Amino acid sequence: MSTSGLYQLTEEHDAIRAAVRDIAEREIAPYAAEVDAESRFPVEAHKALTAAGFHATHVPEGYGGEGADAIATCIVIEEVARVDVAASLIPAVNKLGSMPVILSASEDLKQKVLPSIAEGRAMISYGLSEREAGSDAAAMKTRARLEGDTWVLNGTKAWITNSGVSEWYTVMAVTDPEKRANGISAFVVHRDDPGFAVGPKERKMGIKGSPTCELYFTDCTIPADRIIGEPGTGFKTALRTLDFTRPTIGAQAVGVAQGALDAAVEYTRERKQFGKAVSDFQGVQFMLADMAMQIEAARHLVYVAAARGEVGRSGGKVDPDLGRLCAAAKAFASDVAMKVTTDAVQLFGGAGYTQDFPVERMMRDAKITQIYEGTNQVQRMVIARSLLR
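Note that my numbering numbers the sequence shown so that position 329 is 336, with each residue one more than the last.
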């Protein structure tokens with residue numbers, strides 16, 4: 008019995024990793040510290056990723072995209088996050104914002120939105136959360152009403168990643184307040200639509216290169232055909248979207264953890280104390296070993312979750328365990344990222360606490376992976392409900 012290819016990525020996946028790593032190290036890493044210090048959008052990363060076709064690899068070929076599978080997209084995000092988490096939000100949020108369109112929109116709406124993203128002419132963001140509707144997203148207050156051949160939106164969205172630089176926004180709004188979650192619909196809003204505005208940037212702990220702002224809708228008027236799917240199906244689309252995007256946050260977490268480990272290995276080899284390399288001390292070696300084990304376990308969980316979602320979508324089957332697996336991948340990988348980046352700072356000692364080295368930025372950036380796209384406490388609720396149903 009041949010064991011060739013029994014449990015491994017394809018040659019294409021390996022080639023994608025090598026190509027993205029080369030771009031990341033040459034064209035993204037040199038600007039990462041500056042992007043963080045100045046809280047500016049990583050234009051160099053956006054230009055490099057777009058030129059290479061890695062800005063939105065998930066968009067199907069029928070809309071001008073690469074049609075890459077979910078693991079390939081995770082690899083792209085992972086490799087970019089290894090040098091700059093903020094830059095990795097370019098491909099990650101392009102997928103988050105466009106998946107509702109890919110999953111549920113009409114063919115006309117797909118043709119209107121997806122080609123510009125595939126070509127890199129536009130980015131897309133995702134508008135679900137509000138100040139008082141975070142984990143309890145169904146409690147949102149943003150409203151949409153149908154007036155003739157237009158929808159009119161009123162309300163405010165919060166914590167919207169890449170807002171201001173994105174041209175398109177997938178927005179969830181209540182169309183029937185009596186039905187709570189079943190009264191929420193999804194829409195595509197363009198930044199030039201009347202009544203739409205982007206608020207000031209949040210002052211954040213990390214991912215400073217990715218702008219996070221509120222979105223304001225003041226009698227924002229959009230064409231009636233910009234609704235995604237049928238009225239009342241928006242929240243279902245939002246939740247289904249997260250089953251395809253939570254693994255990308257896991258990939259982001261794996262990437263920043265790997266970057267921190269790589270930096271720690273290099274530093275402890277070179278740093279001398281008590282007459283020998285810091286890496287010669289067994290206590291340090293055990294820390295590095297634990298970091299490597301945890302990263303590898305997280306990486307495999309992320310890839311399995313991504314693959315299961317891809318198989319289910321392409322086969323038209325609903326995997327009853329997909330939500331649990333994606334929640335596990337996101338929660339486990341982000342917990343690993345926080346622990347590994349914290350340990351990396353420790354291994355650098357006092358130097359790790361300064362901005363002369365990248366690990367303090369990695370530690371600050373890693374924290375958000377435990378929070379966005381569902382806090383890790385919510386992930387554990389998802390996992391438990393699945394086990395106990």
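Using N, Cα and C, we set each Cβ at its ideal position, and we do this for glycine too.
Please read all numbers here as calculations on a predicted model, not as lab measurements.
### Message
Measuring alpha carbon to alpha carbon, tell me which residue in S217, I124, S46, T225 is nearest W175.
### Response
Measuring from the Cα of W175, the nearest candidate turns out to be I124.
### Distance, E185 Cα to S192 Cα
If I take the Cα positions, the gap works out to 13 Å.
### Task
Name the two residues that bound the continuous beta strand (DSSP E) containing F194.
If you look at F194, you'll find it in the beta strand (DSSP E) that goes 191-197.
#### Entry: DSSP three-state assignment for A129, whether helix, strand or coil
Looking at A129 - three-state DSSP - the assignment turns out to be coil, as it is neither helix nor strand.
### Message
Is the beta carbon of V66 closer than 9 Å to that of S111?
### Response
No; because the gap between Cβ atoms is not below 9 Å, this pair is not in contact.
### Query
So K346 is in the alpha helix (DSSP H); what residue range does that whole segment cover?
Note, K346: alpha helix (DSSP H), 329-355.
### Message
Going by DSSP in three states, N169 sits in which element: helix, strand or coil?
### Response
N169: coil per DSSP, three-state reduction.
### Task
Following the continuous beta strand (DSSP E) through F224, name the residue where it begins and the one where it ends.
Where F224 is concerned, the enclosing beta strand (DSSP E) stretches over 219-230.
### Message
Does the structure place the stretch 93-105 close enough to the stretch 131-141 that three or more beta carbon pairs sit under 8 Å?
### Response
In this structure the stretch 131-141 touches the stretch 93-105; the number of beta carbon pairs closer than 8 Å is three or more.
### Message
Which residue marks the beginning of the alpha helix (DSSP H) containing V272, and which one marks its end?
### Response
Residues 241-277.
### Query
Closest by CA to V311, which one among T182, L116, G257, G241?
Across the set T182, L116, G257, G241, the C-alpha of G257 shows the shortest separation from the C-alpha of V311.
### Message
My assumption, with CB atoms under 8 Å, is that I302 sits in contact with V261. Please give the rounded CB distance.
### Response
Between V261 and I302 the Cβ distance is about 6 Å, and since that is below 8 Å, they are a contact.
### Query
Taking the continuous beta strand (DSSP E) assigned at Y176, which residues delimit it?
It spans 175-181 - the beta strand (DSSP E) in which Y176 sits, taken as one unbroken run.
### Message
Can you tell me whether E399 is helix, strand or coil according to DSSP?
### Response
The structure shown does not extend to residue 399, since the chain spans only 8 to 396, so no value can be given for it.
### Message
The alpha helix (DSSP H) that contains R371, what's its start and end?
### Response
In the DSSP annotation of this structure, the continuous segment of the alpha helix (DSSP H) that includes R371 starts and ends at 366-374.
### Query
Taking the C-alpha atoms as reference points, what is the distance between A351 and A358?
When rounded, the distance between both Cα atoms is 11 Å.
### Query
From A145 to I97, what distance separates their C-alpha atoms?
Approximately 27 Å between the Cα atoms of the pair.
### Query
What's the gap between the Cα of A249 and the Cα of T382?
It is worth fixing the name first, because residue 249 is Leu in this sequence and not Ala. Rounded to whole angstroms, L249 to T382 spans 12 Å at the Cα level.
### Secondary structure of E154, DSSP reduced to three states
Three-state DSSP puts E154 in a strand.
### Message
For a test of the three-state rule: what should DSSP assign to K211, helix, strand or coil?
### Response
In the three-state reduction of the DSSP assignment, K211 falls in the coil class.
### Message
Can you check which of these residues, G330, M370, S170, is closest to L268 by C-alpha distance?
### Response
Measuring from the Cα of L268, the nearest candidate turns out to be M370.
### Message
Do A344 and V309 have their beta-carbon atoms positioned less than 9 Å apart in this structure?
### Response
No, the pair does not count as a contact, with Cβ atoms beyond the cut-off.
### Query
Would DSSP call F48 helix, strand or coil?
In the three-state reduction of the DSSP assignment, F48 falls in the coil class.
#### Entry: As assigned by DSSP and simplified to three states, the class of V309
Of the three classes helix, strand and coil, the one that applies to V309 here is helix, per DSSP.
### Task
Compute the beta-carbon to beta-carbon distance between K148 and E221, rounded to the nearest angstrom, for a pair I have assumed lies under 8 Å.
Distance from K148 to E221 at the Cβ level is roughly 13 Å; contact not present, criterion being Cβ atoms closer than 8 Å.
### Message
According to DSSP, Q280 sits in a beta bridge with which residue or residues?
### Response
DSSP lists K283 as partners of Q280.
### Task
Pick helix, strand or coil for F203, following the three-state DSSP scheme.
If DSSP states are grouped into helix, strand and coil, F203 belongs with the strands.
### Task
Just the C-alpha distance for A26 and T57, rounded to the nearest angstrom, thanks.
If you draw a straight line from the Cα of A26 to the Cα of T57, it is about 13 Å long.
### Query
What are the boundary residues of the alpha helix (DSSP H) that T361 is part of?
Element bounds for T361: n/a, residue is neither H nor E.
### Query
Are the Cβ atoms of C227 and V291 separated by less than 9 Å?
At a Cβ-Cβ threshold of 9 Å, C227 and V291 do not count as neighbours.
### Message
What does the Cβ neighbour count give for R392, buried or exposed, with the cut at 16 atoms within 10 Å?
### Response
A residue is called buried when at least 16 other Cβ atoms come within 10 angstroms of its Cβ; R392 does not meet this threshold and is exposed.
### Query
How far does the alpha helix (DSSP H) with L13 in it reach, from first residue to last?
Neither: L13 is in no alpha helix (DSSP H) and is coded neither H nor E.
### Query
Between the Cα of R28 and the Cα atoms of E277, V90, V195, L116, which residue gives the shortest distance?
Ranked by how close their Cα comes to the Cα of R28, the residues E277, V90, V195, L116 have V90 in first place.
### Query
To the nearest whole angstrom, what separates the beta carbons of P254 and A77, a pair I think is in contact under 8 Å?
With a Cβ gap of about 7 Å, P254 and A77 count as contacting.
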